[in-house]
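Here the structure comes first, spelled out in structure tokens, and everything after it is commentary.
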Amino acid sequence: MIQSMTGYGKTVVQLPTKKISLEIKSLNSKNLDLNARMPSIYREKELDIRKRIAATLSRGKIDFSLYVEITGEETSSQINKTVVKEYIKQLKDVVDGDATELLKIAIRLPDAVTTERDDIDEDEWNTISNALDETLEKIEQYRLDEGKSLETDFKERLENIHQLLDDVIAMDPDRIDAVRTRLEKGIADIKEKVDENRFEQELVYYIEKYDITEEKVRLKNHLDYFLKVLGTKESNGKKLGFIGQEMGREINTIGSKSNHAPMQKLVVQMKDELEKIKEQLLNVL
């Protein structure tokens, strides 16, 4: 079953003094491109977080965010009262001003506020770790749901190409007859006597040159193989992309060999369906 690389998952956990939100977004990318944002206190766990996300999501442009909102009395920042008072004293020596305004200036100066870095509480980290697992499950389910939509679209477009190929096959005998007629008419217009054996040899050569039997067979095989890979348990967007390229080669060759306007119209329609498949394949894991 295919998976989309587009996904989203979010989990919010409430601790006694803080609310923690974990969010993962993913978009399509040829490789794994992981960006992580979190408060500095959790940086020691970043490598573990990255490994777990990479092992689960494997590919895509992924943004991981961990937000913390303090909801209780706990705070890691403290006003350095001694330093602030000294700043205000020095400011008063420079300019007369309202005490509130001087405080606003002083609080922005270096070392006016200190931040104490505490170690991560083990119970808190266990809660965050479980929330990460839950968030990964959510984004995986999102990717699977998106993958189902893509699979439905692929099957519909493959069926359209199949139908167009059947129309090409049905049209082919008339096309060959038309080629034969044009060549015979061309010879007749010359109004010169020609060697019948040589003419038949040339006729066979041109008909073989325009023959698309192999391309029709290979294109049908590629369509069947695409469906087969689409139905496997693993999502393999790169493999499907390679099959799509092979399908494109056969369709292009049919178009270049057809030399028949009605068939070329069918080829254009096949190309249009295939291009839409290729666009969607960029988003398949």
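Residue numbering for the sequence shown follows the UniProt record's numbering, beginning at 1 and increasing consecutively. The C-beta atom is built at its ideal place from N, Cα and C for all residues, glycine as well. Fair warning: this is a prediction, and the values are worked out from it, not measured in the lab.
Problem set entry | Beta-carbon proximity of LEU150 to ILE243, cut-off 8 Å | no
Problem set entry | Backbone CA spacing between MET247 and THR135 [nearest angstrom] | 38 Å
Exercise. Which residues mark the beginning and the end of the alpha helix (DSSP H) in which GLU101 is found?
Worked result: 99-106
Exercise. Thinking C-beta only, is LEU240 closer than 8 Å to LEU281?
Worked result: Yes, the Cβ-Cβ distance between LEU281 and LEU240 is below 8 Å.
Problem set entry | Expected contact under 8 Å - CB spacing of VAL179 and ASN252 to nearest Å | Contact between VAL179 and ASN252 does not hold, since their C-beta atoms are separated by about 20 Å, which reaches or exceeds 8 Å.
Exercise. From TYR142 to ASP133, what does the alpha carbon distance come to, in whole angstroms?
Worked result: TYR142 and ASP133: Cα-Cα distance of roughly 14 Å.
Exercise. Which one of MET5, ILE70 and VAL217 has the shortest CA to CA distance from VAL168?
Worked result: VAL217
For this session: Enumerate, from N- to C-terminal direction, the unbroken alpha helix (DSSP H) stretches of 4 or more residues contained entirely within the UniProt domain "Endoribonuclease YicC-like C-terminal" (171-284).
Result: 196-209, 213-230, 237-258 and 261-281
Exercise. Mind checking whether residue 288 and LYS18 have CB atoms under 8 Å apart?
Worked result: Given a span of 1 to 285 for the chain in the structure shown, any question on residue 288 remains unanswerable.
For this session: Name the two residues that bound the continuous beta strand (DSSP E) containing ARG37.
Result: 32-37
Exercise. Does the Cβ-Cβ distance between LEU34 and ILE53 come in under 8 Å?
Worked result: yes
Problem set entry | Extent of the continuous beta strand (DSSP E) to which GLN14 belongs | 7-14
Exercise. Where does the unbroken alpha helix (DSSP H) through LEU57 begin, and where does it stop?
Worked result: 46-57
For this session: Taking only the alpha-carbon atoms, compute the straight-line gap between ASN236 and ASP121 and give it to the nearest angstrom.
Result: ASN236 and ASP121: Cα-Cα distance of roughly 41 Å.
Exercise. Given GLN269, which residues of its chain have a CB within under 7 Å of its CB, disregarding the five upstream and five downstream residues?
Worked result: Excluding residues within five positions, the ones whose Cβ falls inside 7 Å are LEU164.
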